[in-house]
Amino acid sequence: MTSISPSQSDNTLLFIDLNNFAAYPTLAVGYLIKSLRLTGHTVKLLSPLALGVPAFTRDNEETWKDQLVRRLYFSSHPLLSRLHDTLRNTHTNWRSKPHPLMLREVEQAIAKRPAAILISAYLTQYAMCTEIGRMAKAANIPVLLGGPFFNLQNVTNEWLTIEGITAIVGGEVDFTISDIVDTLLQKGDLSQHNGVFLKDGRNGAFSPPLKQLSKLPIPDFTDFPWDKYPHPIIPIMTGRGCSWGACTFCGDVISANGRTFRSRGLQPVLNELKHQSQVHQSKDFIFLDIKLNSDLEVWNGLIDQFQAYVPGGRWIGTVHVNHKGDNGLSPERLLVAKKAGLTRISFGLESASQRLLDEMKKGTKIEACSEFILAAHQAGISVRTSMMQGFPGETTEDLEITCVFLENHFDALDRVRLSLFKPLPETPFDRLYQKQPEKYTSLQNFKWDYKLARGLYRYQPSQDKAYRKAKRKLLNIVYAINSKVLNNEARQFNGMM
Numbered sequence: 442m443t444s445i446s447p448s449q450s451d452n453t454l455l456f457i458d459l460n461n462f463a464a465y466p467t468l469a470v471g472y473l474i475k476s477l478r479l480t481g482h483t484v485k486l487l488s489p490l491a492l493g494v495p496a497f498t499r500d501n502e503e504t505w506k507d508q509l510v511r512r513l514y515f516s517s518h519p520l521l522s523r524l525h526d527t528l529r530n531t532h533t534n535w536r537s538k539p540h541p542l543m544l545r546e547v548e549q550a551i552a553k554r555p556a557a558i559l560i561s562a563y564l565t566q567y568a569m570c571t572e573i574g575r576m577a578k579a580a581n582i583p584v585l586l587g588g589p590f591f592n593l594q595n596v597t598n599e600w601l602t603i604e605g606i607t608a609i610v611g612g613e614v615d616f617t618i619s620d621i622v623d624t625l626l627q628k629g630d631l632s633q634h635n636g637v638f639l640k641d642g643r644n645g646a647f648s649p650p651l652k653q654l655s656k657l658p659i660p661d662f663t664d665f666p667w668d669k670y671p672h673p674i675i676p677i678m679t680g681r682g683c684s685w686g687a688c689t690f691c692g693d694v695i696s697a698n699g700r701t702f703r704s705r706g707l708q709p710v711l712n713e714l715k716h717q718s719q720v721h722q723s724k725d726f727i728f729l730d731i732k733l734n735s736d737l738e739v740w741n742g743l744i745d746q747f748q749a750y751v752p753g754g755r756w757i758g759t760v761h762v763n764h765k766g767d768n769g770l771s772p773e774r775l776l777v778a779k780k781a782g783l784t785r786i787s788f789g790l791e792s793a794s795q796r797l798l799d800e801m802k803k804g805t806k807i808e809a810c811s812e813f814i815l816a817a818h819q820a821g822i823s824v825r826t827s828m829m830q831g832f833p834g835e836t837t838e839d840l841e842i843t844c845v846f847l848e849n850h851f852d853a854l855d856r857v858r859l860s861l862f863k864p865l866p867e868t869p870f871d872r873l874y875q876k877q878p879e880k881y882t883s884l885q886n887f888k889w890d891y892k893l894a895r896g897l898y899r900y901q902p903s904q905d906k907a908y909r910k911a912k913r914k915l916l917n918i919v920y921a922i923n924s925k926v927l928n929n930e931a932r933q934f935n936g937m938m
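If you read the sequence shown in the numbering used here, its first letter stands for residue 442, the second for the next number, and so on.
Here's what the structure looks like:
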């Protein structure tokens, strides 16, 4: 490691953004950098893509290699389970391994003696955070670590064992990050701040969901590597949380930003659209809301006024096809939304089995999902959906029903993101499991891995021959859909959701 002299220290904050899963700026980091700069702090951003570290892409046009990896990942043949587990773990470890370019750049940045280091990380980046902590400790530089799930005590306890991490921030600190950093630099008592966790257990008070989102500053994305993005797309959010918020499996609504629904209101969003478009010379936006149609006044306002603020602009987002009352997704509104620039729309189908959807407390009817898919496609909007396999209680019949549904909507679906059911701590599923474990006997050898905030188990029905046959058919249909060539408009946004 490069030798470091204490006299080289300056007042710069080194902000390390480890997000390498999106080809656009990290919204949360943009908010924090803006808040820090508004209070006089000097911030240097370090991001993987700017250093030439390739981003993990998804939802691209698939080849046989993608299908091979998917078959391996979803395989549950009882005779090959140990081999599959080993290969899956090897692949996961490879993806989470620190990149040499990033390690080298972090070492060089630490050699310049920043006043403090702030890390924004996902839970798959434990190894990289361990390396940063080690280098920071050797240089005697304090480190704050933050991320979407560090508001969960059991998760944070695992990560506090990393050497060199001074404290972990687990809450929405957009308005208080500057005060926290000031206390860190002054070597004061960080436990006075809400949502801060310390190694000695002197944690700050519970950090409640942030109110007054309309007062959030416009995020600062100027330091992100715009020249490295395949297409300049600007992230934005109209609110935090989800107005439905009842899905038993959903981890988004237990994350630091996802707890309870809060809307920013229409006008601040429209103003931000106009400002960011001018600053970054782009007219393409991705809305990162869990459910963009949570606030119908905002949703309808975007449809009616987007083009007035960003003429010729395009946008994509995720919605919830709830079946109770107006959801803003009628065929008529979707036609208007397309004219307003809505290019791609995503939603969570999860399964085509109504029985399973009811078990998930999804709040949707499969008939409504069908109508939505066909209406959006007819309007000229690219449709993407997410699904899961292996939800507790899923049967061969459930898989067969889902296969038929996908076949019937093959032409209208551009992409399907299929994942295995992953139990997350403190979700409604967690509470149900603790209350009635006998209801989930199909989850064998269940245990929590809090470092990654997920449940580990083996799904017993998946070893049945008929179930595996139906699952194999599902994987083949998903591959066929994901192999389709997208139109030019939709291709610009591919891999963004």
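Ideal Cβ positions, reconstructed from N, Cα and C, are used throughout, including at glycine.
Rounded to whole angstroms, what is the Cα-Cα separation between Asp-500 and Arg-858? Counting from 1 along the sequence shown, the entry for residue 500 is found at position 59. Counting from 1 along the sequence shown, the entry for residue 858 is found at position 417. Looking at the two C-alpha atoms, the distance is approximately 7 Å.
Of the residues Val-845, Phe-832 and Cys-844, which one's Cα is nearest the Cα of Phe-870? On the sequence shown, position 429 is the one that residue 870 refers to. Comparing Cα positions, the closest option is Phe-832.
Within its chain, find whatever has a CB closer than 8 Å to the CB of Ala-931; leave out the 5 residues flanking it on each side and keep chain order. As a position in the sequence shown, residue 931 is number 490, starting the count at 1. Here the set comprises Thr-784, Arg-785, Ser-823 and Asp-855.
When you compare each of His-761, Gly-766 and Thr-837 to Lys-802 by their alpha carbons, which one comes out closest? In the sequence shown, residue 802 corresponds to position 361, counting from 1. Among His-761, Gly-766 and Thr-837, the Cα nearest to that of Lys-802 is on His-761.
According to DSSP, simplified to helix, strand and coil, what is Gly-789? Looking up residue 789 in the sequence shown gives position 348. Judged by DSSP in its simplified three-state form, Gly-789 adopts strand.
Can you tell me whether DSSP reads Asp-458 as helix, strand or coil? Working through the sequence shown from its first residue, we reach residue 458 at position 17. In the structure shown, Asp-458 sits in a strand (DSSP, three-state: E or B).
CB-CB under 6 Å to Phe-747, same chain, minus the five flanking residues each way: which ones, in chain order? Stepping through the sequence shown from its first residue, residue 747 is reached at position 306. Excluding sequence neighbours, Phe-747 sits near Ala-781 and Gly-782.
For chain D, is any of its Cβ atoms less than 8 Å away from the one on Lys-669? In the structure shown, chain D does not exist; there is a single protein chain.
Express the C-alpha separation of Lys-765 and Ala-809 in angstroms, rounding to a whole number. Position 368 of the sequence shown, counting from 1, holds the residue named residue 809. Position 324 of the sequence shown, counting from 1, holds the residue named residue 765. Their backbone Cα atoms lie some 10 Å apart in a straight line.
8 Å contact criterion, which Ile-674 and Val-710 should meet: CB distance rounded: Residue 674 sits at position 233 when you count from the first residue of the sequence shown. Residue 710 sits at position 269 when you count from the first residue of the sequence shown. About 16 Å separates the beta carbon of Ile-674 from that of Val-710, a gap too long to meet the 8 Å contact definition.
According to the Cβ coordinates, are Ser-655 and Arg-643 closer than 8 Å? For the purposes of this step, residue 655 is taken as residue 214 along the sequence shown, with counting starting at 1. For the purposes of this step, residue 643 is taken as residue 202 along the sequence shown, with counting starting at 1. No. Outside cutoff.
Would you report the Cα separation of Thr-805 and Lys-628, rounded to the nearest angstrom? Walking along the sequence shown from the start, residue 805 turns up at place 364. Walking along the sequence shown from the start, residue 628 turns up at place 187. Put simply, the backbone Cα of Thr-805 is about 51 Å away from that of Lys-628.
N-terminal and C-terminal residue of the beta strand (DSSP E) that Ala-608 is part of: Numbered from its first residue, the sequence shown carries residue 608 at position 167. Ala-608 -> beta strand (DSSP E) spans 608 to 610.
For my contact list, Met-828 and Leu-861 are in at a C-beta cut-off of 8 Å; report their separation, rounded to the angstrom. Residue mapping note: residue 828 aligns to position 387 of the sequence shown, counting from 1. Residue mapping note: residue 861 aligns to position 420 of the sequence shown, counting from 1. In fact, because the Cβ distance is near 10 Å, the residues do not count as touching under 8 Å.
Tell whether a beta-carbon distance below 8 Å holds between Trp-740 and Gly-769. Position 299 of the sequence shown, counting from 1, holds the residue named residue 740. Position 328 of the sequence shown, counting from 1, holds the residue named residue 769. Contact annotation: Trp-740 and Gly-769 have beta-carbon atoms nearer than 8 Å.
Looking at the unbroken beta strand (DSSP E) that takes in Lys-485, where does it start and where does it end? The residue you call residue 485 lines up with position 44 of the sequence shown. Per DSSP, the unbroken beta strand (DSSP E) holding Lys-485 starts and ends at 484 to 487.
CB contact flag (Cys-844, Ile-922, <8 Å): Translated into the one-based positions of the sequence shown, residue 844 becomes position 403. Translated into the one-based positions of the sequence shown, residue 922 becomes position 481. Taking the C-beta atoms as reference points, Ile-922 is found no nearer than 8 Å to Cys-844.
Cβ neighbour criterion (16 or more within 10 Å) applied to Glu-835: Mapped onto the sequence shown, residue 835 falls at position 394. Buried: at least 16 other Cβ atoms inside 10 Å.
Out of Thr-571, Met-576, Leu-559 and Thr-597, state which residue places its alpha-carbon closest to the alpha-carbon of Val-584. The count along the sequence shown starts at 1 and reaches residue 584 at position 143. With respect to the C-alpha of Val-584, the residue from Thr-571, Met-576, Leu-559 and Thr-597 having the closest C-alpha is Leu-559.
Can you grab the Cα-Cα spacing for the pair Ser-735 / Lys-652, in whole Å? Translated into the one-based positions of the sequence shown, residue 735 becomes position 294. Translated into the one-based positions of the sequence shown, residue 652 becomes position 211. Taking the straight line joining both Cα atoms gives about 16 Å.
Trp-889 - containing beta strand (DSSP E), residue span: By one-based count along the sequence shown, residue 889 stands at place 448. Where Trp-889 is concerned, the enclosing beta strand (DSSP E) starts and stops at 884 to 890.
Among Val-470, Phe-887 and Asp-458, whose alpha-carbon lies nearest the alpha-carbon of Asp-615? Here the question's residue 615 lines up with position 174 in the sequence shown. The shortest C-alpha separation from Asp-615 is found at Val-470.
Go through the segment 521 to 603 residue by residue and report every complete run of the beta strand (DSSP E) that reaches 3 residues or more, in order. If only complete runs of 3 or more residues are kept, the segment 521 to 603 shows the beta strand (DSSP E) at 557 to 561 and 584 to 587, in order along the chain.
By the three-class DSSP mapping on this structure, what secondary structure does Leu-861 have? If you number the sequence shown from 1, residue 861 lands on position 420. Leu-861: strand per DSSP, three-state reduction.
According to DSSP, is Gly-706 helix, strand or coil? Counting from one through the sequence shown, the residue named residue 706 turns up at place 265. In the three-state scheme derived from DSSP, where H, G and I count as helix and E and B as strand, Gly-706 is classed as coil.
Rounded to whole angstroms, what's the CA-CA distance from Tyr-567 to Gly-574? Just pull it up for me. Looking up residue 567 in the sequence shown gives position 126. Looking up residue 574 in the sequence shown gives position 133. If you take the alpha carbons of Tyr-567 and Gly-574, they lie about 10 Å apart.
In the DSSP assignment, what are the bridge partners of Trp-685? In the sequence shown, counting from the first residue as 1, residue 685 sits at position 244. Note: Trp-685 sits in no beta bridge, so no partner.
Per-residue DSSP class, three states only, for Ser-823: Translated into the one-based positions of the sequence shown, residue 823 becomes position 382. In the structure shown, Ser-823 sits in a strand (DSSP, three-state: E or B).
Rounding to the nearest angstrom, what Cα-Cα distance links Ser-704 and Glu-738 in this structure? Stepping through the sequence shown from its first residue, residue 704 is reached at position 263. Stepping through the sequence shown from its first residue, residue 738 is reached at position 297. A straight line joining the alpha-carbon of Ser-704 with that of Glu-738 spans about 10 Å.
Is the distance from the Cβ of Thr-826 to the Cβ of Leu-790 below 8 Å? As a first step, residue 826 is located in the sequence shown; it is residue number 385 there, counting from the start. As a first step, residue 790 is located in the sequence shown; it is residue number 349 there, counting from the start. For Thr-826 and Leu-790, yes; Cβs fall inside 8 Å.
Where does the unbroken beta strand (DSSP E) through Val-637 begin, and where does it stop? Taking the first residue of the sequence shown as position 1, residue 637 is located at position 196. 637 to 639 is the extent of the beta strand (DSSP E) around Val-637.
In its own chain, which residues sit with a C-beta less than 6 Å from the C-beta of Pro-447, not counting the 5 before and 5 after it? Locating residue 447 in the sequence shown gives position 6, where the first residue counts as 1. Bear in mind that a pLDDT of 38 at Pro-447, under 50, signals an unreliable position, so the number given afterwards is only what the model happens to contain. If the five residues before and after Pro-447 are omitted, its C-beta is found closer than 6 Å to no C-beta atom of its own chain.
Anyone know if the C-beta pair for Pro-589 and Ser-696 falls short of 8 Å? For the purposes of this step, residue 589 is identified with residue 148 of the sequence shown, where counting begins at 1. For the purposes of this step, residue 696 is identified with residue 255 of the sequence shown, where counting begins at 1. Against a cut-off of 8 Å, the Cβ pair of Ser-696 and Pro-589 comes out as a contact.
Give the list of continuous beta strand (DSSP E) stretches no shorter than 3 residues that lie fully inside the segment 751 to 823. Along the length of the segment 751 to 823, whole beta strand (DSSP E) runs at least 3 residues long occupy 755 to 760 and 783 to 791, reported in chain order.
Here's the rule: buried if 16 or more other CB atoms are within 10 angstroms of the residue's CB, otherwise exposed. What is Trp-600? If you number the sequence shown from 1, residue 600 lands on position 159. Residue environment analysis places Trp-600 among the buried positions, since at least 16 neighbouring C-beta atoms fall within 10 angstroms of its C-beta.
Rounded straight-line distance, which links the Cα of Met-569 to that of Ala-820: Residue numbering aside, residue 820 sits at position 379 when the sequence shown is read from its first letter. Residue numbering aside, residue 569 sits at position 128 when the sequence shown is read from its first letter. As the crow flies, the alpha-carbon of Ala-820 is around 44 Å from that of Met-569.
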